[in-house]
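Sequential numbering from 3 applies to the sequence shown in the working numbering.
Before any comments, here is the structure.
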Amino acid sequence: MKSNLARALRKQNNKLTEPERRQVLGVTGRLLNLEYAPRELEDYCKLVKKFPQLEIADLLQTITPKNPKSERLRAYLGEAILAEPTPNARRLP
3 MKSNLARALR
13 KQNNKLTEPE
23 RRQVLGVTGR
33 LLNLEYAPRE
43 LEDYCKLVKK
53 FPQLEIADLL
63 QTITPKNPKS
73 ERLRAYLGEA
83 ILAEPTPNAR
93 RLP
(Lines of atoms letter the chains of each structure in order from A and count residues from 1; the text may use other names and numbers.)
(Lines give C-alpha, C1' and ligand atoms only; values in the text may rest on other atoms or scores of the structure.)
Protein backbone atom coordinates (compact mmCIF):
# COMPACT_ATOMS: atom_id res chain seq x y z
CA MET A 1 0.00 0.00 0.00
CA LYS A 2 1.18 3.48 -0.73
CA SER A 3 0.42 6.88 0.78
CA ASN A 4 -2.95 7.45 -0.89
CA LEU A 5 -4.32 4.12 0.28
CA ALA A 6 -3.05 4.65 3.82
CA ARG A 7 -4.70 8.09 3.87
CA ALA A 8 -7.99 6.66 2.63
CA LEU A 9 -7.88 3.89 5.24
CA ARG A 10 -7.23 6.44 7.98
CA LYS A 11 -10.62 8.01 7.24
CA GLN A 12 -12.30 4.58 7.44
CA ASN A 13 -10.10 2.91 10.08
CA ASN A 14 -13.09 1.69 12.10
CA LYS A 15 -14.06 -0.56 9.17
CA LEU A 16 -10.76 -2.45 9.10
CA THR A 17 -11.01 -6.07 10.18
CA GLU A 18 -8.57 -7.61 12.63
CA PRO A 19 -6.52 -9.38 9.89
CA GLU A 20 -6.37 -6.12 7.92
CA ARG A 21 -5.14 -4.21 10.97
CA ARG A 22 -2.54 -6.93 11.57
CA GLN A 23 -1.36 -6.55 7.97
CA VAL A 24 -1.10 -2.76 8.30
CA LEU A 25 0.84 -3.17 11.55
CA GLY A 26 3.23 -5.61 9.86
CA VAL A 27 3.90 -3.26 6.95
CA THR A 28 4.38 -0.32 9.30
CA GLY A 29 6.83 -2.30 11.43
CA ARG A 30 8.84 -3.34 8.37
CA LEU A 31 8.98 0.26 7.12
CA LEU A 32 10.07 1.57 10.53
CA ASN A 33 12.92 -0.98 10.62
CA LEU A 34 14.35 0.02 7.22
CA GLU A 35 17.66 1.87 6.87
CA TYR A 36 15.73 4.74 5.24
CA ALA A 37 12.21 5.99 5.92
CA PRO A 38 9.98 6.07 2.81
CA ARG A 39 7.43 8.87 2.45
CA GLU A 40 4.41 6.62 2.96
CA LEU A 41 5.66 5.68 6.44
CA GLU A 42 4.19 8.91 7.85
CA ASP A 43 0.75 8.01 6.51
CA TYR A 44 0.98 4.47 7.89
CA CYS A 45 1.90 5.82 11.32
CA LYS A 46 -1.06 8.23 11.27
CA LEU A 47 -3.32 5.28 10.44
CA VAL A 48 -1.81 3.00 13.10
CA LYS A 49 -2.13 5.71 15.76
CA LYS A 50 -5.92 5.26 15.48
CA PHE A 51 -5.68 1.55 16.33
CA PRO A 52 -6.19 0.24 19.90
CA GLN A 53 -3.28 1.11 22.21
CA LEU A 54 -2.47 -2.52 22.98
CA GLU A 55 -1.92 -3.23 19.28
CA ILE A 56 0.36 -0.19 19.02
CA ALA A 57 2.30 -1.32 22.12
CA ASP A 58 2.88 -4.74 20.53
CA LEU A 59 4.18 -3.05 17.37
CA LEU A 60 6.54 -0.76 19.29
CA GLN A 61 8.23 -3.77 20.88
CA THR A 62 9.30 -5.01 17.44
CA ILE A 63 10.81 -1.73 16.20
CA THR A 64 14.49 -0.82 16.18
CA PRO A 65 14.70 2.52 14.33
CA LYS A 66 17.75 2.92 12.12
CA ASN A 67 17.30 6.56 11.09
CA PRO A 68 16.14 9.82 12.73
CA LYS A 69 12.78 9.91 10.94
CA SER A 70 11.90 6.40 12.10
CA GLU A 71 12.92 7.33 15.66
CA ARG A 72 10.63 10.38 15.53
CA LEU A 73 7.71 8.34 14.15
CA ARG A 74 8.24 5.64 16.80
CA ALA A 75 7.98 8.35 19.47
CA TYR A 76 4.84 9.65 17.73
CA LEU A 77 3.25 6.20 18.03
CA GLY A 78 4.42 5.95 21.63
CA GLU A 79 2.35 9.02 22.46
CA ALA A 80 -0.78 7.07 21.47
CA ILE A 81 -0.24 4.45 24.16
CA LEU A 82 0.24 7.12 26.83
CA ALA A 83 -3.27 8.44 26.16
CA GLU A 84 -6.42 7.11 27.81
CA PRO A 85 -7.11 3.45 26.92
CA THR A 86 -9.66 2.96 24.19
CA PRO A 87 -12.82 1.09 25.14
CA ASN A 88 -12.72 -2.63 24.41
CA ALA A 89 -8.97 -2.51 23.76
CA ARG A 90 -7.47 -5.94 23.21
CA ARG A 91 -4.32 -7.45 21.76
CA LEU A 92 -4.29 -9.13 18.39
CA PRO A 93 -3.78 -12.90 18.63
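No residue lacks a Cβ here, since even glycine has one placed at the ideal position from N, Cα and C.
- Using a Cβ distance threshold of 7 Å, D45 and A8 count as a contacting pair.
- When the Cα atoms are used, C47 and L79 turn out to be separated by approximately 7 Å.
- When rounded, the separation of the alpha-carbon atoms in G28 and L61 is 8 Å.
- Cα atoms of R32 and A85: separation of roughly 25 Å, rounded to the nearest angstrom.
- Secondary structure remark: continuous alpha helix (DSSP H) runs of at least 4 residues inside the segment 6-86, in chain order: 20-34, 42-50, 55-62, 70-84.
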